[in-house]
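Notes to accompany the following structure.
There are 2 protein chains.
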Amino acid sequence: PLCLCWALAGAAAAPNILLLLMDDMGWGDLGAFGEPSKETPNLDQMAAEGMLFLDFYTANPLCSPSRAALLTGRLPVRNGFYTTNAHARNAYTPQDIVGGIQDSELLLPELLKKAGYTNKIIGKWHLGHRPQFHPLKHGFDEWFGSPNCHFGPYDNRDVPNIPVYRDWEMIGRYYEDFKIDLKTGEANLTQLYLQEALDFISKQHASQQPFFLYWAIDATHAPVYASKQFLGTSQRGLYGDAVREIDDSIGRMLSHLQQLGIRENTFVFFTSDNGAALISAPKQGGSNGPFLCGKQTTFEGGMREPAIAWWPGHIPAGGVSHQLGNVMDLFTTSLSLAGLQPPSDRQIDGIDLLPVILQGKLIDRPIFYYRGNEMMAVRVGLYKAHYWTWSNSWEEYGKGTDFCPGQSVPGVTTHTQEEHTKLPLLFHLGRDPGEKFPLSFASEEYQRAMEHIAGIVQQHKDTLVPGEPQLNVCDKAVMNWSPPGCEKLGKCLKVPESDPKKCSWPH
Amino acid sequence: PLCLCWALAGAAAAPNILLLLMDDMGWGDLGAFGEPSKETPNLDQMAAEGMLFLDFYTANPLCSPSRAALLTGRLPVRNGFYTTNAHARNAYTPQDIVGGIQDSELLLPELLKKAGYTNKIIGKWHLGHRPQFHPLKHGFDEWFGSPNCHFGPYDNRDVPNIPVYRDWEMIGRYYEDFKIDLKTGEANLTQLYLQEALDFISKQHASQQPFFLYWAIDATHAPVYASKQFLGTSQRGLYGDAVREIDDSIGRMLSHLQQLGIRENTFVFFTSDNGAALISAPKQGGSNGPFLCGKQTTFEGGMREPAIAWWPGHIPAGGVSHQLGNVMDLFTTSLSLAGLQPPSDRQIDGIDLLPVILQGKLIDRPIFYYRGNEMMAVRVGLYKAHYWTWSNSWEEYGKGTDFCPGQSVPGVTTHTQEEHTKLPLLFHLGRDPGEKFPLSFASEEYQRAMEHIAGIVQQHKDTLVPGEPQLNVCDKAVMNWSPPGCEKLGKCLKVPESDPKKCSWPH
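Chains A and B, in that order, give the protein sequences.
Sequential numbering from 1 applies to the first sequence in the UniProt record's numbering.
Sequential numbering from 1 applies to the second sequence in the UniProt record's numbering.
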């Protein structure tokens, strides 16, 4: 009976939480989601053993706001990860961004600490790189990774190379100490991030403390990279090599959980921060399957994400859910797993997916598609209404920037910002997942659907209190010139004079 | 030992062959191929128990030539299912077509008879409807279905309604005796075709004769239909309802094989005759997933097909093959299953897939994409070279006929016939399955790939002997006015005077 009691207690204990967040990976990039090369056996197996979410979304079609939303459970327009510099612009956290995550925001790891979790972020933080925004000031206990995208190499005079941190301090910089060969696409970073994850999981297992591991790797974000052993192994070229390495790494992580005997006590969720970057395709960008356009846009290709929940012994194998989900739900669901309540002093947009995952329920909720502080579109059930459409400006398009290559839907993939607030463009995503056939305004179906949707939008707008926009001001002086620890490495760079100005957000 | 001997003999005996040929179903229409509604649990299960073909093609982007190729193992340009009325035109067998399958062609059922098979076609024949083209004159023993598409209703004066045959004789006409409600989409035809298949399988099982059943149903061809119990059950609208009914029917057929204890002795192959008809989307057309354009075109969306091989106890479960396959291979593979050799007196384009299916081999072979007698494109390995591009004419496009709705790739989805024979457009289908990013002509990769491809094309063209074109002449007098058996039903119609002329093929 002792053994049985222990087992019961073990089952009730808060499980470990492992969030696998991909960077610019698209809905159509996994075999389980119809990628024609079918090169993701480990992720496909994970899906077969867990639950596939086919209608899962990000909160924003760009990385920083999406990640801020995931970790706060709140829309970027609430947590401040947006700009008001121009209408409906995407904004993120480049090196010269002044803003970042505010202390007033409550991040998932901060809250999980109360339930005894040890929290680690491996990979890209992207919620601001100035000292006050450091992940260890916002609930994480450990960090191995970088504050910004791995763009570069830079000359360290006009622009510094991006630092890689271990916990509080920089331990090197991309292209210097952490090599990325842009010619061959070779970099062993995914292997480093994998090893870091395996070690952390082992350490936590030994300490018998629950963990929250946020594995936010970036190999599928341009410039795409893979380790030598994976280069040239994919039908899909370098991008596919990166996917294969990630797939292999996730397979190893899940095996590791099994070997440690903790797979039934570890909740794993796989998803991506935004749609595939078609602007980088085909060599450096992925696939959004049958959906329209990609990253940066509020069409399905920009915001519908691959998603898999895995928790053997709890989630029935082979499940498929049409629940409208969102990365913000990972905040609320993780709290629920830890036995915690979400904060009650603020609007939380994420919902608890456990009834969906464990009992197959469907929860009615809308999905809002934002660009900056403009609600561009909303999905309610199978209907999606576009209140504004825009892919990018004619000017950018003329320069070769195309978020919808090979796709053009008249009146939909527009290059001027088109307002449809009086008569939204309506699509039925069941019949028309590719958003190619707007419903007739005169149809009864249009009238009926829009009546329902209008009320939901009105309620959303009436109660919305935007946070202070964090992505308006840029300053060369705030770049990663001299991150903490630089002096030990002899890698401190001279900080230029402060010259704050409005950031320019062309998209 | 008697029992054992019997079992061994049974295992070595020629298996039953069940070909499930869909009409206008696209690569992206099954859950296993990434359809976002994932409403095909039976086909997905069939794939999980069998082998998924991700690079399987039809021989033509239109129904009649595709079906003629499947049953003869030969390209339409060889078996006569093409037109020379204009350059690179798609042609098929409407009611006024004078041509059809020639006696000189050897059809799969004719050959299978030699190995003792009983052959049945259920559904659409489409290889000509004049008496000499009757399927029972070309090797089939039984028929329940119709010679043409289920278009209509017609007035029976200018155009007769399409007959439905049982074996030699008409037993009624569509819209008269076999109802299709175009308003609601209701028709119980798939149920009739299912019952017919179940009965045939039972009968053959009782007789202990091997069977070849060609289940060529047409519910997903516009006008799309489904039985009452499936109407409104799909997220995808009427088209999805039809798919669900087919999926359910195939599930019942596979269960039936199991209940009869013959699933290990029945080779089942599922595929489609051409890509989804995007011109009928979203209400009456399917999905080609990530591929370009649809039916009628030689882009991937027009010719890459969903395909599943299933033969429990022989085909390893969960297999995935990248073999370049073709509907013509079903001819050769079926002969191989029956222990027969393909005819040696003519060029056969199909290959035997059994080494692929049973031993996981990969066979190097090109895929040719034809329109009429023009080789538009060729796939060799992961490269696809377009020698001619054309979606449809400006004139047809101006009338609203769009084979690539929402898709437009400059210089690729052209509305004039563009010749690229000197410098073919080249795509890498691994990196770019959507044919959106032609390789640079100046690249080393282009040079290397085209050198290889050019030799294969040259060899193909040098040895090609076109058959006599069957789809050039049309005549109102050959329509289904008075099919055999009409007198018993009182359904003979007056035959107008013969007035043969060139058929017009606008696409």
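No residue lacks a Cβ here, since even glycine has one placed at the ideal position from N, Cα and C.
- Against chain B, a Cβ distance below 8 Å from Ser-408/A picks out Gly-406, Gln-407 and Ser-408.
- A distance of 8 Å or more separates the beta carbons of Ile-180/A and Phe-144/A.
- DSSP, reduced to helix, strand and coil, places Asp-141/A outside both helices and strands of the structure shown, so it counts as coil.
- Judged by DSSP secondary structure, Lys-203/A falls outside any beta strand (DSSP E) and instead within the alpha helix (DSSP H) spanning 189 to 207.
- Identification of residues in the stretch 51 to 63 of chain B having a C-beta nearer than 9 Å to some C-beta of chain A yields Leu-52, Leu-54 and Asp-55, given in sequence order.
- The C-alpha of Asp-432/B lies about 8 Å from the C-alpha of Arg-236/A.
- Between the stretch 125 to 145 of chain A and the stretch 181 to 201 of chain A, the count of C-beta pairs closer than 8 Å reaches three or more; the two stretches touch.
- When the Cα atoms are used, Pro-163/A and His-415/B turn out to be separated by approximately 51 Å.
- Listed by position along chain B, the residues whose Cβ is nearer than 8 Å to that of Arg-236/A are Gly-430 and Arg-431.
- Nearest to Asp-177/B by alpha-carbon distance, out of Val-320/B, Cys-404/B and Gly-490/B, is Gly-490/B.
- Boundaries around Phe-270/B are those of the beta strand (DSSP E), 266 to 272, since no alpha helix (DSSP H) includes it.
- Membership of Pro-76/B in the alpha helix (DSSP H) is indicated by the continuous run 76 to 79.
- Beta-bridge analysis with DSSP links Asp-177/A to no other residue.
- At a cut-off of 4 residues, the continuous stretches assigned as alpha helix (DSSP H) that sit fully inside the stretch 252 to 321 of chain A are 300 to 303.
- Closest in alpha carbon position to Glu-245/A, among Ile-97/A, Tyr-383/A and Gly-185/A, is Gly-185/A.
- For Trp-215/B, the secondary structure class from DSSP, reduced to helix, strand or coil, is strand.
- The count of Cβ pairs closer than 8 Å, one atom from the stretch 207 to 221 of chain B and one from the stretch 23 to 31 of chain B, reaches three, so the stretches are in contact.
- When Met-51/B, Thr-118/B, Pro-135/B and Glu-300/B are compared, the shortest CA-CA separation from Thr-72/B is found for Pro-135/B.
- Collapsing the DSSP output to three states places Ala-242/A in a helix.
- Proximity of Phe-33/A to chain B, defined by a Cβ-Cβ separation below 8 Å, is satisfied.
- Using a Cβ distance threshold of 8 Å, Pro-76/A and Ala-59/A count as a contacting pair.
- Here the stretch 353 to 371 of chain B makes contact with the stretch 312 to 330 of chain B; the two share three or more CB pairs at distances below 8 Å.
- Following the DSSP letters along the chain, one finds Lys-488/B inside the alpha helix (DSSP H) bounded by residues 486 to 489.
- Under the Cβ distance rule, Pro-223/B does not count among the residues neighbouring chain A, no pair being separated by less than 8 Å.
- The beta carbon of Ala-222/A sits closer than 8 Å to those of Asp-24, Ala-277, Ser-280, Gln-284 and Gly-285, all from its chain and outside the five residues before and after it, given in chain order.
- Residue contact check for Gly-232/A against chain B: no CB pair falls below 8 Å.
- Spatial neighbours of Ser-249/A in its own chain (CB-CB distance under 7 Å, excluding positions within 5 residues in sequence) are listed in chain order as Thr-190 and Leu-194.
- Contact between the stretch 345 to 353 of chain A and the stretch 88 to 102 of chain A is not established, with fewer than three Cβ pairs separated by less than 8 Å.
- In this structure, the alpha-carbon of Lys-436/B lies about 6 Å from that of Gly-406/A.
- Across the set Leu-18/A, Tyr-82/A and Ala-47/A, the C-alpha of Tyr-82/A shows the shortest separation from the C-alpha of Glu-468/A.
- Cβ contact annotation for Pro-466/B (same chain, cutoff 6 Å, sequence separation greater than five): Val-77 and Asn-373, in chain order.
- For Val-320/A, the nearest beta carbon of chain B is closer than 8 Å to its own beta carbon.
- Across the set Ala-377/B, Val-243/B, Thr-298/B and Asp-241/B, the C-alpha of Ala-377/B shows the shortest separation from the C-alpha of Lys-422/B.
- Checking the DSSP bridge columns, you'll see Phe-56/A partnered with Glu-305/A and Gly-325/A.
- Between the C-alpha atoms of Met-328/B and Gln-459/B there is a straight-line separation of about 19 Å.
- Residue range 444 to 463 is occupied by the alpha helix (DSSP H) that includes Tyr-446/A.
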